[in-house]
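Residue numbering for the sequence shown follows numbering that gives the first Met the number 0, beginning at 0 and increasing consecutively. Ideal Cβ positions, reconstructed from N, Cα and C, are used throughout, including at glycine.
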Amino acid sequence: MITWFHSWRAALRIARRDAWRFKGRSFLVLAMIALPILGVSAVDLTVRSAELSPQETLTRELGHADARLTDPGLGGIPLLQGPKGTDYSPVKDYGDGRWPDGGTDLRKALPAGATTLTDSAGSAKLRTTHGLLQAQVRELKATDRAAEGILRLDHGRFPARADEVAATTQFLETSGLRVGSKLTARGLDTSYKIVGAYELPGELNTAQINALPGTLLAPLNQALQDQGLDSSAPDTTQLVSVPGGFTWNMVQQANTKGVVVVSRAVILSPPADADVPLYQRSEWTGYRENAATDPAALAAAGTVVGLAMLEICLLAGPAFAVGARRSRRQLGLVGANGGDRRHIRAIVLGGGLVIGAVAAVVGTVLGVALTFALRPVLESYLGQRFGSFDVRPLELLGIAALAVLTGLLAAIVPAVTASRQTVLASLTGRRGIRRSNRVLPAVGLVAIAIGAAIALYGWTVSDSYVIVAGGSALAELGVVAMTPALVGLFGRVGRWLPLSPRLALRDAVRNRGRTAPAVAAVLAAVAGTVAVATYTASSDAQNRDAYVADLPYGAVSLAISDDGGRDVPAARAAVQRELPVAVSAKIDGLVVGPPRCASDTTGKGCGTAEVVVPDANQCPLWKEENANKEFTAAERLKLRADSRCKDGTVYPASGDVVVGDAALLQVFGIKDPGAEKALAAGEILSFDARNVDTEGKIGIRLVPDTRAADKAREQDKELPADVKKFTAHEVPGKPNAYGIKMIIPAGAAKAAGFGVVPLGGYYSTTEMPSGAQEQRLTSDLDAFGANAYLDIEKGYVGENNIVLLALGVFAGLVTIGAAGIATGLAQADAEADLKTLAAVGAPSRVRRTLSGFQCGLVAGMGVLLGTAAGLLPAVALRLTERRDGENRYRQALTDGLTDAVVPHVPIVVPWGTLAALLIAVPVGAALLAAVVTRSHGTLGRRAAT
């Protein structure tokens, strides 16, 4: 035991001394190991710090109150709920019938001795320095102790009077206002003074205003109603404080009043499942909130970590081999003084242990320091404050141990290789006879066969992406294991090469122990890049083929349904001002009732306009009388080809029925003189033949009261409505109207008793609007504070170019790094040969060109093998998707889905990425190595061999 301890102590001292002597190589390996550790430790700290404890979560939700009472809007019927208050259901089973609707009085559910604090939330359009901003309004007395922790004061104070408000820092930043500014809401003459800034700890990016209860939302809604504009009642809850806490029995008692409760005491100490009536129902049997980690996610994470460790070992292993080769005389002296192979292995392994330990410390410390320093940035990115800076020593220790393990694994092969050198060979610098390992290629070949079989099984039988990916990964590992044998095959082409590349190839083949790991590292990185790039390019081609344009190329659509269209004229003017408009087509919308009914057809005094499709033109699958009829697969397939059962693929924000004129035809590029004459004559223009009856007319049902119509439908009574008939002109052929089914002249709509409100417009442009023009228009529309739907048709825009670029850069960096390491090792091995070449008069450029070719050959072999290995998983995954899509298509036909389409799953090879990897990266690596290599070496006596 003592001997073992002293031998390892000496080995570690020697390893530490060598690491300090060769600082460049040590720093390279240290960086390769420490950088992933830094990232993992930072992610661990960020995730743990962002995870809130139950107490912290409840403080942000309830403050210091014991519970929050919420009205679910079910008319006060008895409920059953889960312990967390997120799941609830009526006691009575309503099945497919209509559920109750309406509010209830929260005060009925208060237990004896409870105190309450009202918390109301709504929204308003607030005037800012830039225009109007839609923001949340929260009426809560933030100075009450029950509310402490919900809002966190940044500076200033919370409101204390009816004409004061506080604002979140996000609102102040967005609006351009500050503490002390005056604030007004659109539609309300009252002004408010901003007296403080605060933040929501769990929603840092929320623009919100805080006011005292009843001081802003109620006056604003009343003012909007008086003006006939949209208004909505706020969502009101009650924060309740009860001596002794809000118990589970109190929760169940509140449920009988139709109230849902979030209780601090119940969440922190939940009842048993047997005591939760909701969980005893058949539809909730076995229902639990499963917090267990997904096994597939764990497997994926383990795979990623394993492959990352493999890549680091493949890159760092040759670096340790360089150190062992440069220290072979020192290792020989150890053997000459009585050391055996165990001591030699211990010294080399000690180098991996020392650098791994230092990398663990450096990576972990830097990860903790960077996370702490960047905490505000991380919180801003996540949009929430950390609960605390949660450092978990055991997890960080495990991450650090991973670095030590990686260093040891990277040093294993060099340690074994160094220990097999004889003392004489080490002292004299002889290389000895290197015999290739025949077991590893055989294992690799078996792994390739098994992996390919697994991937083939996953593609043809199971349709499991996990199986395909697992088989492909195993096959790729097999290719990595066969790398030494594959490198040997490359040596057969050396006879046809000039001197420098022939020497470089011969040296690479003869010294596979250092060449193979570098080639394997390049292979692994390139294979992953090629696989992802091929899959991404194929998916991009599939998305391009499936893309359906919403408008003609370069055209613009605008739709605003808020506030009865009061902002539409200004928005139309903004489009004309900011964009290169060629043709402008104004569109309006049909409305039944006051203008506000355009955005809320269910409001008081509001009705609807419904197109009446003739019975003969309705799809049999969609008819109400056929709702319970079961069609055979053959019948469904036949009906799928029926024009009556074709559904649209474009759904415009303006709706499919608009009020407009012939200018809209010009925007769509539809040339039909008959259509223009029909619109001028007051006829409806129809792009959907199903809406036109046998008499050439279109019926539109005018429903004066939507609520009364809904009740009539529930009772199977005749709808209180009047059907208006319009003469229709059906546009011949099948022109693309981009989702618009009919255009109604404004005069015809008004003559039939329908109201007309401004809705927006369609615009053709002389050229594609630029990004700056679009941004200015968007800013102008935001200033109105309206919910404007703006669409500029830019054609298909792929989102994967940046992904391909990032993958290509990553593979290139790994390739150059691995090839550079291998080249450095080759120069260490070939120093004697280079001195001999210099002694016999070889030109000085030979050293430089030899170095370049050595680096380029390693990169080229790795890229070539990686490209071939990377295509397999990508093709297998795409074929699996194709088979899965075909199965879904057949199942959709069986289920009668009329919009089912034949799947198109192409396989596209990203030739640009492959060209960069196969040509540019090896050539670049060769040129870089040639540039940084000195042309003249130090001429000295050639060592005896």
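query, result
"Inter-residue Cα distance where the pair is Ala928 and Arg846", "11 Å"
"For Leu365, three-class secondary structure by DSSP", "helix"
"Range covered by the alpha helix (DSSP H) that runs through Met249", "247-254"
"Ordered list of alpha helix (DSSP H) runs contained in the segment 28-67, each at least 4 residues", "53-61"
"Residue span of the beta strand (DSSP E) that contains Pro89, given as start and end", "87-89"
"Residues near Ala573 in its chain [Cβ-Cβ closer than 7 Å; skip 5 each side]", "Leu776, Asp779, Leu780"
"Contact under 9 Å by Cβ, Ile791 with Gly659", "no"
"Test item: CB-CB of Leu171 and Ile193 under 9 Å", "yes"
"Whether Val403 touches Gly477 by CB criterion (9 Å)", "no"
"Residues near Gly74 by beta carbon distance below 8 Å, same chain, minus five either side", "Pro99, Asp100, Gly101, Gly102, Thr103, Gly257"
"DSSP three-state assignment for Met481, whether helix, strand or coil", "coil"
"Per DSSP, cross-strand counterpart(s) of Ser537", "Bridge partners of Ser537: none, in fact."
"Top-ranked residue by Cα proximity to Gly121, from Ala184, Arg501, Gly175, Ala915", "Ala184"
"Per DSSP, the bridge partner or partners of Ser685", "Glu729, Met741"
"Limits of the alpha helix (DSSP H) - the one that Lys676 falls within", "672-679"
"Which of helix, strand or coil DSSP assigns to His342", "helix"
"Enclosing beta strand (DSSP E) for Lys696 [first to last residue]", "696-702"
"Residue range of the unbroken alpha helix (DSSP H) whose run includes Glu172", "168-174"
"Where Ala661 sits in the DSSP three-state scheme", "coil"
"Same chain only: Cβ atoms within 8 Å of Leu369, ignoring 5 sequence neighbours per side", "Leu37, Ala41"
"Nearest residue (CA-CA) to Asp438, options Glu577, Ala253, Pro483", "The question names Asp, yet the displayed sequence has Val at residue 438. Among Glu577, Ala253, Pro483, the Cα nearest to that of Val438 belongs to Pro483."
"Inter-residue Cα distance where the pair is Val164 and Ala196", "9 Å"
"The beta strand (DSSP E) enclosing Ser119, as first and last residue numbers", "114-126"
"Alpha carbon of Ile32 to alpha carbon of Tyr456, nearest angstrom", "37 Å"
"Nearest neighbour of Arg47, chosen from Gln169, Glu394, Leu916, Lys140 [CA to CA]", "Glu394"
"Limits of the beta strand (DSSP E) - the one that Pro757 falls within", "754-764"
"Segment contact flag, the segment 364-384 with the segment 173-189, C-beta cutoff 8 Å, min 3 pairs", "no"
"Three-way DSSP call (helix, strand, coil) for Leu408 in this model", "helix"
"Cβ-based burial, Asn690 [other Cβ within 10 Å; buried from 16]", "buried"
"Inter-residue Cα distance where the pair is Glu577 and Arg595", "28 Å"
"N-terminal and C-terminal residue of the alpha helix (DSSP H) that Asp153 is part of", "Run containing Asp153: none in the alpha helix (DSSP H); it sits in the beta strand (DSSP E), 151-155."
"Inter-stretch contact (C-beta, 8 Å, three-pair minimum) for the segment 503-522 and the segment 535-542", "no"
"Length of the line joining the Cα atoms of Asp118 and Arg160", "17 Å"
"Among Ala517, Arg15, Arg881, Val590, nearest to Leu864 - alpha-carbon criterion", "Ala517"
"Any C-beta of chain C under 9 Å from that of Asp272", "Although the question refers to chain C, the structure presented lacks it and comprises just one protein chain."
"Residue from Leu408, Tyr380, Leu856, Ala452 with nearest C-alpha to Pro203", "It should be noted that the sequence gives Leu, not Pro, for residue 203. Looking at the Cα atoms, Tyr380 is the closest of the given residues."
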